[in-house]
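Using our numbering, you'd call the opening residue of the sequence shown number 1 and step up by one each time.
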Amino acid sequence: MLANLFGDFVKGSNFHYFSSKIREGIVLHRAIDTFIDQHKDVLDLKLMLYQDLPKVAGVAVDLFFDHLLAKTWQMHHVQEYQTFLNDFYHHNSEIENDLTSDFKQFITIFRERKWLDHYPTVFGLAKSCEGVSKRISFENKLAEAPDTFYKREKEIEAVFQQYMEDAKNHFSVINSIH
């Protein structure tokens, strides 16, 4: 769980000095990013949203999909959402000592504030968009993304469901090969 999330904090291709477990998480994170970035329906969705959310449509889609995954968790995972979150919040991993200090600080706050508890809610989507908007180095409309989401909710949900089906098939094939 941590190694995959850590993938957002590692830039470039020089990550050989991390443990094999962390490298595995980074590679998985990047494979998921590549799959979503190349998915035709997702690309079409980003183009559709670009008028309302210039420069940040892709970021908005990631946040929308996080929200929808949390909201429809039981359709995609055998474990109850809250049980999964409690496991994540209280999980102590042997890899934590090998993670960077900025990630450790992030994950501590992430766990203390139980951010994932809010992902399935309207409040959680708004807070996610607002928080990420503030971290982007240029002026953007990401804080307004929830309005766009609710205006286009049916289309976004349809793309999300198709993407999830395709992703499950894609990654189950990869796992069966390894």
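All C-beta atoms in this analysis are idealised placements derived from N, C-alpha and C, irrespective of residue type, glycine included.
Contact belief for residue i with residue j at Cβ below 8 Å, rounded distance in angstroms
i: residue 95; j: residue 2; result: 6 Å
i: residue 70; j: residue 120; result: 4 Å
i: residue 200; j: residue 157; result: Because the chain in this structure spans residues 1 to 178, residue 200 falls outside the shown range and cannot be described.
i: residue 39; j: residue 166; result: 7 Å
i: residue 163; j: residue 27; result: With 8 Å as the limit, residue 163 and residue 27 do not qualify as a contact, their Cβ atoms being about 20 Å apart.
Residue i and residue j closer than 8 Å at C-beta
i: residue 56; j: residue 141; result: yes
i: residue 99; j: residue 6; result: yes
i: residue 45; j: residue 132; result: no
i: residue 77; j: residue 84; result: yes
i: residue 145; j: residue 63; result: yes
Which of helix, strand or coil DSSP assigns to residue i
i: residue 83; result: helix
i: residue 113; result: coil
i: residue 15; result: coil
i: residue 108; result: helix
i: residue 10; result: coil
i: residue 28; result: helix
i: residue 125; result: helix
i: residue 2; result: helix
i: residue 173; result: helix
Exposure of residue i, with buried meaning 16 or more beta-carbon neighbours within 10 Å
i: residue 172; result: exposed
i: residue 148; result: buried
i: residue 82; result: exposed
i: residue 90; result: exposed
i: residue 65; result: buried
i: residue 136; result: exposed
**Request:** Note down, one range per segment and in chain order, each alpha helix (DSSP H) of at least 4 residues found wholly within the region 129-169.
**Result:** 145-151
**Request:** Jot down the residue ranges of each uninterrupted alpha helix (DSSP H) in the region 30-97, minimum 4 residues, whole runs only, in chain order.
**Result:** 40-50, 57-71 and 81-90
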